[in-house]
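Trainee:
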Amino acid sequence: MRALTVAATALLVSTAAAAQDVATHIAAGDAARCQRNAAQALTHFREALALDSLSYDANWKAAQVLVDEGLALPDAQKARRDSLYHEARVLAERAVRIDPNGPDGHYMVAVAIGREALTMSARARVRLARVIRDEALRATELNSQHDGALHVLGRWNAEIQRLPGITKFFAKTFLGASIFNEATWENSENYFGQAVAIKPDNIYHHLDFAETLIDMDKPAEARTQLERVAELPLGCDPMDPTYKQQAAALLTRISRR
0 MRALTVAATA LLVSTAAAAQ DVATHIAAGD AARCQRNAAQ ALTHFREALA LDSLSYDANW
60 KAAQVLVDEG LALPDAQKAR RDSLYHEARV LAERAVRIDP NGPDGHYMVA VAIGREALTM
120 SARARVRLAR VIRDEALRAT ELNSQHDGAL HVLGRWNAEI QRLPGITKFF AKTFLGASIF
180 NEATWENSEN YFGQAVAIKP DNIYHHLDFA ETLIDMDKPA EARTQLERVA ELPLGCDPMD
240 PTYKQQAAAL LTRISRR
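In numbering that gives the first Met the number 0, the protein residues as written are 0 to 256.
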């Protein structure tokens, strides 16, 4: 009996230690990402997953960093980039299975699939559009203040509007008129506006919002968003330096008009 008690105690101690190690690696991964070191962050999140593959946070955060790494790769490394996006999708979908009521998991599924879709043909993107929209909407249902999911919905509306005419016809047929007709520039502007209001220090929100405003022929409003990017300090997103460069180039372009 005593042997069983000792064994049970040892198991509890071991489990507690493993849980602590998982939490330690996740915290270290968060810190590394805020230093814009995606590779180091991914190492920590992978260590956490090695200890507990069913850690919700380790799964969706690893997915996020995999997308970060994919975004940093040039077109010449498309195969590597696509594999990172695919792995991100797998981990994000696992996170959703672990906790269906966790908004970050649904958000990362939408992001990972969205990034996968952008590497595909216009028709292939349409086939994935419903999933992206549904996952982002689910995230906002679970957390109405999820700025990331609101950003995805802003981009979803804009991307549908940017489709060429014949692809729009295909999209309307495939998605169904009711869903397709929901995609408007006004909806995109509204969603981006909400994302910016919730997290005004997010550089990417302002940049993508500006691109939508330019497409809506609102250069003055776009200029406001781009000028805000120039004022903001770099955040946790490893792509922030690149986004700042893109915003500066876009501001120069529209200022010449």
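Glycine included, every Cβ here is placed at the ideal spot set by N, Cα and C. On a predicted model such as this, the values are computed, not experimentally measured, just so you know.
Is it a yes or a no for the segment 233 to 251 touching the segment 175 to 191, going by three-plus beta-carbon pairs under 8 Å?
Mentor: With a cut-off of 8 Å, the segment 175 to 191 and the segment 233 to 251 do not count as touching, because too few Cβ pairs lie within range.
Trainee: Kindly indicate which residue of Gly104, Ile253 and Leu65 has the alpha-carbon position closest to the one of Asp56.
Mentor: Taking the sequence shown and counting its residues from 1, the one referred to as residue 56 is at position 57. If we check each option's Cα against that of Asp56, Gly104 comes out closest.
Trainee: Tell me which residues share the same chain as Ala221 and place their Cβ nearer than 7 Å to its Cβ, disregarding the 5 neighbours each side in the sequence.
Mentor: Locating residue 221 in the sequence shown gives position 222, where the first residue counts as 1. Hits under 7 Å: Ala209, Leu212, Ile213 and Ile253.
Trainee: Rounded to whole angstroms, what is the Cα-Cα separation between Thr83 and Arg256?
Mentor: Start at 1 with the first residue of the sequence shown, and residue 83 comes out as number 84. Start at 1 with the first residue of the sequence shown, and residue 256 comes out as number 257. Checking the displayed sequence, the identity of residue 83 turns out to be Leu instead of Thr. If I take the Cα positions, the gap works out to 38 Å.
Trainee: With distance defined between alpha-carbon atoms, name the residue in Gln193, Gly113, Ser143 and Ile97 nearest to Arg129.
Mentor: Within the sequence shown, the letter at position 130 stands for residue 129. Of Gln193, Gly113, Ser143 and Ile97, the residue nearest in Cα terms is Gly113.
Trainee: Between which residues of its own chain and Gln224 is the CB-CB distance below 7 Å, once the five residues before and five after are set aside?
Mentor: Taking the sequence shown and counting its residues from 1, the one referred to as residue 224 is at position 225. Same-chain partners within the cutoff: His205, Phe208, Ala209 and Leu212.
Trainee: Mind pulling the alpha helix (DSSP H) runs of 4 or more residues that sit fully within the segment 61 to 106?
Mentor: 77 to 97, all fully within the segment 61 to 106.
Trainee: If you compare alpha carbons, which of Ala196, Thr23 and Arg79 is closest to Arg227?
Mentor: In the sequence shown, counting from the first residue as 1, residue 227 sits at position 228. For the residues Ala196, Thr23 and Arg79, the minimum Cα distance to Arg227 belongs to Ala196.
Trainee: Quick one: grab the DSSP three-state call for Pro232.
Mentor: The residue given as residue 232 occupies position 233 in the sequence shown. In this structure, Pro232 counts as coil in the three-state DSSP scheme.
Trainee: For Ile31 versus Ala40, is the C-beta spacing smaller than 8 Å?
Mentor: If you number the sequence shown from 1, residue 31 lands on position 32. If you number the sequence shown from 1, residue 40 lands on position 41. Looking at the sequence provided, one finds Ala at residue 31 rather than Ile. It is a contact, given that the beta carbons lie within the stated cut-off.
Trainee: The alpha helix (DSSP H) that contains Glu210, what's its start and end?
Mentor: Here the question's residue 210 lines up with position 211 in the sequence shown. Run containing Glu210: Ile202 to Asp214, per the alpha helix (DSSP H) assignment.
Trainee: Would you say Ala87 and Ala111 are within 8 Å of each other, going by their C-beta atoms?
Mentor: Mapped onto the sequence shown, residue 87 falls at position 88. Mapped onto the sequence shown, residue 111 falls at position 112. Going by C-beta atoms, Ala87 is nearer than 8 Å to Ala111.
Trainee: So which of Asp239, Arg96 and His24 has the shortest CA-CA distance to Ala49?
Mentor: Residue numbering aside, residue 49 sits at position 50 when the sequence shown is read from its first letter. If we check each option's Cα against that of Ala49, His24 comes out closest.
Trainee: Identify which residue in Ala248, Gly101 and Arg124 has its Cα closest to the Cα of Trp59.
Mentor: Residue numbering aside, residue 59 sits at position 60 when the sequence shown is read from its first letter. The shortest Cα separation from Trp59 among Ala248, Gly101 and Arg124 belongs to Gly101.
Trainee: Where does Leu10 land, buried or exposed, given buried means 16+ other C-beta within 10 angstroms?
Mentor: As a working note, residue 10 is residue 11 in the sequence shown. Reliability fails at Leu10, whose pLDDT of 42 lies under 50, so the model's placement of it is uncertain and no value is given.
Trainee: Which residue marks the beginning of the alpha helix (DSSP H) containing Ser254, and which one marks its end?
Mentor: On the sequence shown, residue 254 is found 255 positions in, with the first residue counted as 1. Here the alpha helix (DSSP H) through Ser254 covers Asp239 to Ser254.
Trainee: Which of the three DSSP states, helix, strand or coil, is assigned to Leu225?
Mentor: Within the sequence shown, residue 225 is the residue found at index 226, counting from 1. Helix at Leu225.
Trainee: Are the Cβ atoms of Thr183 and Asn156 separated by less than 8 Å?
Mentor: Taking the sequence shown and counting its residues from 1, one reaches residue 183 at position 184. Taking the sequence shown and counting its residues from 1, one reaches residue 156 at position 157. Yes; because the gap between Cβ atoms is below 8 Å, this pair is in contact.
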